[in-house]
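Residue numbers (my numbering): 353 to 669.
Every residue gets a Cβ at the ideal spot worked out from N, C-alpha and C, and that includes glycine.
This report refers to the structure that appears directly beneath it.
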Ligand SMILES: Cc1cc2nc3c(=O)[nH]c(=O)nc-3n(C[C@H](O)[C@H](O)[C@H](O)COP(=O)(O)OP(=O)(O)OC[C@H]3O[C@@H](n4cnc5c(N)ncnc54)[C@H](O)[C@@H]3O)c2cc1C
């Protein structure tokens, strides 16, 4: 049986919901799929994954994997794919998968397609649609081999239902001594925020360059986001100016989001920013320049459709 191995991300406590969207692509590829989780102390996380219709939840649980060091993780992923004879290793597009999966593809000596938006099966071969040039164009590509590493854009695939009978949880045994030691974990610098995760929030408020300083950014962008129960994002200009931390950046070189409601405050709508927001359901822009490019993607529509979506987004926070 052809197997896809779907890499699931977590924050040590919970599964990161966008990483579940890769399961939807795995279902479209056909055949069986198993879910792979790496880390330490994964019992609860593994138990939360058993109903997604996978053949197994494969758990690489070891103190050596406590920190997501890319060289170790890639080695374990490649070894799991080899031992299980998985034809496809699949993750969702994220900072984590960008770090780990290209290395796994190199170790497996297979090609990789990133940011898959859709697939098409024709005459037994698969082609992949993916954005290029900051999302201003779409390319359709084919691979010469049937073994592959893929990442799926979470915003392009629906969240999968978790309504299947529970599958087994299998422990993946690997030789810890043979893991590479090219990277050493030194420290973790983590921001604890009471706000929802940027990639999962129903409402996102993003701020741009004219917010000028950190205090004004937090007061206006953070204040509006908190009032709406939403997440905070920023343009690269705002991040580079030190108004917002790096992990707030939305766009081509930041996070790709698709909330129910996006509100851009003082954002021009550069192509690199739009690449990260254009799948948002309702786009609201606050800008004093009526010719700013963001108005080309801002929502124009029937109040009877838009306002209920708006209310729905606010209810979901
Ligand atoms: C390779 C590459 C990758 C990049 N990746 C990203 C990325 O991932 N994400 C990203 O965001 N950018 C990215 N950029 C940068 C991008 O090109 C833009 O420079 C950036 O998005 C602009 O940010 P901004 O809209 O905040 O600023 P600006 O473009 O300066 O726009 C500010 C807007 O605020 C409006 N404004 C000013 N004052 C007010 C006011 N008082 N009230 C209301 N409106 C006001 C102005 O009319 C203007 O439209 C990338 C660039 C490159 C080259």
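message: So if DSSP puts residue 481 in a beta bridge, which residue, or which two residues, is it bridged to?
response: Looking up residue 481 in the chain shown gives position 129. Residue 481 is bridged to 470, 492.
message: Closer than 6 Å to a non-hydrogen atom of ligand 1 - does that hold for the CB of residue 561?
response: Taking the first residue of the chain shown as 1, we reach residue 561 at position 209. Correct: residue 561 has its Cβ closer than 6 Å to ligand 1.
Reference residue 613; option with closest CA among 455, 593, 662, 464: Along the chain shown, read from residue 1 onward, the residue named residue 613 stands at position 261. Checked all of 455, 593, 662, 464; the closest Cα to residue 613 is 662.
query: Taking DSSP as the reference, what is the three-state secondary structure of residue 612?
result: Residue numbering aside, residue 612 sits at position 260 when the chain shown is read from its first letter. Note: residue 612 maps to coil in three-state DSSP.
message: Less than 6 Å separating the Cβ of residue 540 from some heavy atom of ligand 1?
response: Against the chain shown, residue 540 aligns to sequence position 188. Incorrect: residue 540 has no Cβ contact closer than 6 Å to ligand 1.
Candidates 431, 400, 402, 600: closest to residue 412 by CA position: On the chain shown, position 60 is the one that residue 412 refers to. For residue 412, the nearest C-alpha among the options comes from 431.
message: Given the structure, does residue 648 come close to ligand 1, in the sense that its CB is under 6 Å from one of the ligand's heavy atoms?
response: The residue you call residue 648 lines up with position 296 of the chain shown. No, since every heavy atom of ligand 1 falls outside the 6 Å radius drawn around the Cβ of residue 648.
message: Taking the beta carbon of residue 474 as the centre, do at least 16 other beta carbons fall within 10 Å, making it buried, or is it exposed?
response: Position 122 of the chain shown holds residue 474. Exposed, by the Cβ-count rule.
message: Considering just the uninterrupted stretch of the beta strand (DSSP E) at residue 444, what are its terminal residues?
response: Position 92 of the chain shown, counted from the first residue, corresponds to residue 444. Residue 444 -> beta strand (DSSP E) spans 440-444.
Local Cβ density within 10 Å of residue 537, reported as buried at 16 or more and exposed below that: Indexing the chain shown from 1 puts residue 537 at position 185. Answer is exposed; the Cβ neighbour count stays below 16.
message: For residue 470 and residue 643, what's the separation of their Cα atoms in angstroms?
response: Reading the chain shown from its first residue, position 118 is the one you call residue 470. Reading the chain shown from its first residue, position 291 is the one you call residue 643. Rounded to whole angstroms, residue 470 to residue 643 spans 33 Å at the Cα level.
- prompt: Would you say residue 505 touches ligand 1, meaning its beta carbon is less than 6 Å from a heavy atom?
  reply: Along the chain shown, one-based indexing puts residue 505 at 153. False, no ligand heavy atom lies under 6 Å from that Cβ.
message: Measuring straight from C-alpha to C-alpha, what distance separates residue 658 and residue 619?
response: Locating residue 658 in the chain shown gives position 306, counting from the first residue. Locating residue 619 in the chain shown gives position 267, counting from the first residue. Roughly 22 Å between the two C-alpha positions.
Backbone secondary structure at residue 582 - three-state DSSP: Residue 582 sits at position 230 when you count from the first residue of the chain shown. If DSSP states are grouped into helix, strand and coil, residue 582 belongs with coil.
field: Distance between beta carbons of residue 534 and residue 414, contact taken as under 8 Å
entry: Within the chain shown, the letter at position 62 stands for residue 414. Within the chain shown, the letter at position 182 stands for residue 534. Not really, about 18 Å apart at Cβ, beyond 8 Å.
- prompt: Leaving out five residues before and five after residue 524 in sequence, what residues of the same chain have Cβ atoms less than 7 Å from its Cβ?
  reply: Translated into positions along the chain shown, residue 524 becomes position 172. So the list reads 410, 411, 412, 432, once near-sequence residues are dropped.
query: Thinking C-beta only, is residue 582 closer than 7 Å to residue 557?
result: What you label residue 557 is simply residue 205 of the chain shown in a count that begins at 1. What you label residue 582 is simply residue 230 of the chain shown in a count that begins at 1. Yes, the pair counts as a contact, with Cβ atoms nearer than the cut-off.
Inter-residue spacing [alpha-carbon to alpha-carbon] between residue 547 and residue 571: Translated into the one-based positions of the chain shown, residue 547 becomes position 195. Translated into the one-based positions of the chain shown, residue 571 becomes position 219. Answer to the nearest angstrom: the Cα atoms are 14 Å apart.
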